[in-house]
Amino acid sequence: MSVRLSCIARGVRVEALGQILEAAGARALAFEEVPGGPAFYDEGLACEPRYWPRTRIAAFFASEAQARFAQEIIAGEVEAPCREPVVDEGWEALTARDWQAFPITEGLWIYPNDEPAPPGRLAVHLDPGLAFGTGTHPTTRLCLRWLYETLREQAHPGLEVLDFGCGSGILAIAALRLGAGAAWGVDIDPLALTATWENAQRNGVGDRLRAATELARDRHPYDLVVANILAGPLIAHAPALMRATAACGRLALSGILPDQVPAVVQAFPEFALTPREDEGWVLLHGRRP
Numbered sequence: 004m005s006v007r008l009s010c011i012a013r014g015v016r017v018e019a020l021g022q023i024l025e026a027a028g029a030r031a032l033a034f035e036e037v038p039g040g041p042a043f044y045d046e047g048l049a050c051e052p053r054y055w056p057r058t059r060i061a062a063f064f065a066s067e068a069q070a071r072f073a074q075e076i077i078a079g080e081v082e083a084p085c086r087e088p089v090v091d092e093g094w095e096a097l098t099a100r101d102w103q104a105f106p107i108t109e110g111l112w113i114y115p116n117d118e119p120a121p122p123g124r125l126a127v128h129l130d131p132g133l134a135f136g137t138g139t140h141p142t143t144r145l146c147l148r149w150l151y152e153t154l155r156e157q158a159h160p161g162l163e164v165l166d167f168g169c170g171s172g173i174l175a176i177a178a179l180r181l182g183a184g185a186a187w188g189v190d191i192d193p194l195a196l197t198a199t200w201e202n203a204q205r206n207g208v209g210d211r212l213r214a215a216t217e218l219a220r221d222r223h224p225y226d227l228v229v230a231n232i233l234a235g236p237l238i239a240h241a242p243a244l245m246r247a248t249a250a251c252g253r254l255a256l257s258g259i260l261p262d263q264v265p266a267v268v269q270a271f272p273e274f275a276l277t278p279r280e281d282e283g284w285v286l287l288h289g290r291r292p
């Protein structure tokens with residue numbers, strides 16, 4: 004069973020809302036004119052979408068927790084949001100069947116499940132299960148490239164990483180494969196924690212990764228903190244994320260649209276954040292003084 008989140012949006016804001024829903028974990032999107040009218044489905048095809056004065060959006064999620072989280076994010080911008088379970092039609096199996104190994108950088112590749120990588124190639128083996136994060140979305144790619152560049156410079160066995168909003172665990176696992184000593188994943192969705200744990204075992208780093216539904220308040224800060232969620236949650240959790248970053252530690256924030264950058268920067272005054280962009284999404288990164 005999947006969960007369909009339906010809502011009504013107005014005008015050209017539909018495109019941005021679709022991007023936000025995708026970043027929140029939507030596996031498929033459908034758009035329909037209100038009332039009636041033809042629909043099209045966004046499956047990565049190279050076509051120019053049409054939008055109407057009022058558009059009904061249907062976003063399909065793998066779990067109730069993901070759909071509820073997405074609804075909370077877009078609640079102030081849409082009309083008549085509702086969630087309902089739907090019978091799966093095989094799209095998860097088709098996605099898994101068509102997913103092939105691909106590079107993040109020359110030195111880091113993502114491989115599906117247990118497919119073997121050539122000798123000498125650093126690979127993260129991943130089954131996203133019911134969680135967001137395969138490395139194909141621009142927000143995840145931005146984080147993986149940032150981790151690769153950062154850990155190539157400063158990885159050591161004592162370095163500790165926090166992956167806030169861990170989803171499939173891809174960022175925490177990549178950090179460990181790149182030389183970090185330990186990683187912690189945090190996600191509100193229990194299915195994400197299951198996917199994180201299984202993927203950590205698949206990559207042989209299960210003994211160095213811990214996962215929980217909330218950020219521990221009584222532990223020392225982390226050397227690297229990465230949060231690939233969305234602008235609203237980043238702003239809401241800014242105080243906790245700043246506290247979680249050690250002195251001279253590094254912070255990366257992703258899931259941000261260009262027009263949201265000023266608000267996110269303002270929420271993190273302790274960092275001089277620098278942007279980088281991929282396909283209309285922004286990652287902000289900086290070091291604590």
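All the letters of the sequence shown, read from the start, carry residue numbers 4 to 292 under the numbering used here.
Just so you know, even glycine gets a beta-carbon here, dropped at the ideal spot from N, CA and C.
query: Within the chosen definition, does the stretch 73–82 reach the stretch 118–128 through at least 3 CB pairs nearer than 8 Å?
result: no
field: Those residues which DSSP pairs with residue 356 across a bridge
entry: This structure leaves residue 356 out entirely; the chain is present only between 4 and 292.
- prompt: Out of 154, 250, 81 and 85, which has the shortest C-alpha to C-alpha gap to residue 64?
  reply: For the purposes of this step, residue 64 is taken as residue 61 along the sequence shown, with counting starting at 1. Measuring from the Cα of residue 64, the nearest candidate turns out to be 85.
- prompt: What separation, rounded to the nearest whole angstrom, lies between the Cα atoms of residue 88 and residue 8?
  reply: For the purposes of this step, residue 88 is taken as the residue at position 85 of the sequence shown. For the purposes of this step, residue 8 is taken as the residue at position 5 of the sequence shown. Roughly 9 Å between the two C-alpha positions.
message: Taking the straight line between their C-alpha atoms, what separation do you get for residue 58 and residue 83?
response: Working through the sequence shown from its first residue, we reach residue 58 at position 55. Working through the sequence shown from its first residue, we reach residue 83 at position 80. Looking at the two C-alpha atoms, the distance is approximately 12 Å.
- prompt: Does DSSP put residue 116 in a helix, a strand or coil?
  reply: Sequence index remark: in the sequence shown, residue 116 carries index 113 (1-based). Three-state result, residue 116: coil.
- request: Within 10 angstroms of the Cβ of residue 157, are there 16 or more other Cβ atoms? Answer buried if so, exposed if not.
  value: Taking the first residue of the sequence shown as 1, we reach residue 157 at position 154. With fewer than 16 Cβ atoms within 10 Å of its Cβ, residue 157 is classed as exposed.
query: With respect to the beta strand (DSSP E) encompassing residue 163, which residues constitute its N-terminal and C-terminal limits?
result: Locating residue 163 in the sequence shown gives position 160, counting from the first residue. Element bounds for residue 163: 163–167.
task: Output the distance between the C-alpha atoms of residue 285 and residue 173, rounded to the nearest integer angstrom.
output: Looking up residue 285 in the sequence shown gives position 282. Looking up residue 173 in the sequence shown gives position 170. About 19 Å.
task: Determine the contact status of residue 229 and residue 179, defining contact as a CB-CB distance below 8 Å.
output: Walking along the sequence shown from the start, residue 229 turns up at place 226. Walking along the sequence shown from the start, residue 179 turns up at place 176. No, the pair does not count as a contact, with Cβ atoms beyond the cut-off.
- request: Taking 8 Å as the cut-off, decide whether the C-beta atoms of residue 199 and residue 184 are in contact.
  value: On the sequence shown, position 196 is the one that residue 199 refers to. On the sequence shown, position 181 is the one that residue 184 refers to. No, they are not a contact pair.
message: Short of 8 Å in beta carbon distance, which residues of its chain neighbour residue 234, apart from the five on each side in sequence? Order them along the chain.
response: Here residue 234 is taken as the residue at index 231 of the sequence shown, counted from 1. Correct list, in chain order: 258, 259, 260, 263, 266 and 267.
message: Assuming residue 21 is part of the alpha helix (DSSP H), what are its boundary residues?
response: Counted from its first residue, the sequence shown places residue 21 at position 18. It spans 16–26 - the alpha helix (DSSP H) in which residue 21 sits, taken as one unbroken run.
Residue 276 versus residue 24: straight-line alpha-carbon distance, rounded: Numbered from 1 along the sequence shown, position 273 holds the residue referred to as residue 276. Numbered from 1 along the sequence shown, position 21 holds the residue referred to as residue 24. One C-alpha to the other measures close to 25 Å.
field: Cβ shell of residue 232 (< 6 Å), same chain only, five flanking positions each side left out
entry: The sequence position of residue 232 within the sequence shown is 229, counting from 1. Excluding positions up to five away in sequence, the list reads 168 and 258.
task: List the DSSP bridge partners of residue 225.
output: The residue given as residue 225 occupies position 222 in the sequence shown. DSSP lists 248 as partners of residue 225.
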